[in-house]
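Input: a single structure, listed below in structure tokens.
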Amino acid sequence: MFRFQSLNVWVKSHSFVKEVFKLCDDIPSKYRFTLVQQLVRAGLSITNNISEGSGRSSTKDQNYYYTIARGSTLEAVNMIILVKEIGLVGDEAVNRLLYKGEEILKMLYVLRKNN
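Plus 360 on top of the position in the sequence shown (first one is 1) and you've got the working numbering.
Following this line, the structure appears as structure tokens:
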């Protein structure tokens, strides 16, 4: 097992990204090369930066990557709000993702604070 896999925030983020992929399947194909690609990239960036940060030796470097993960979470949440507001996806999946996004943000804050 890799170190990052033992981080609760990575586990939550990994689940979040899998749900983002499922949500993107429901978004009409005409948005595939704009909104969908960017949403997937933002979601992947969360877990990628958490895993990369966990492998850094200095606290400063770790916190840098955790901060990037926080920004990527906010980027993904922003796009999820948009797809909900323009009626591309249902409320249940979106609300679940928004709740998880909020939890991830809190967990990243605590991770940085306690680092």
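Just so it is clear, CB atoms sit at the ideal spot from N, CA and C, and this is done for glycine as well. For clarity, every value in this text was computed on a predicted model and none was experimentally measured.
Around the beta carbon of K378, a 10 Å sphere encloses fewer than 16 other beta carbons of the protein chains shown; the residue is thus reported as exposed. Inside the segment 431 to 463, DSSP marks no whole beta strand (DSSP E) run of 3 or more residues. R430 is the residue among Y391, S375, Q398, R430 whose C-alpha sits nearest the C-alpha of I410.
By alpha-carbon distance to Q365, the top candidate from V400, G415, L395 is G415. D385: member of the alpha helix (DSSP H) spanning 368 to 385, first to last residue. The alpha carbon of A436 has as its nearest neighbour, out of T419, K466, G461, the alpha carbon of G461. Residue state for S414 is assigned as helix, using DSSP reduced to three classes.
If the five residues before and after S373 are omitted, its C-beta is found closer than 7 Å to the C-beta atoms of I406, T407, I410, I464, all from its own chain and listed in chain order.
Within the model, the alpha-carbon separation for K444 versus V470 is close to 29 Å.
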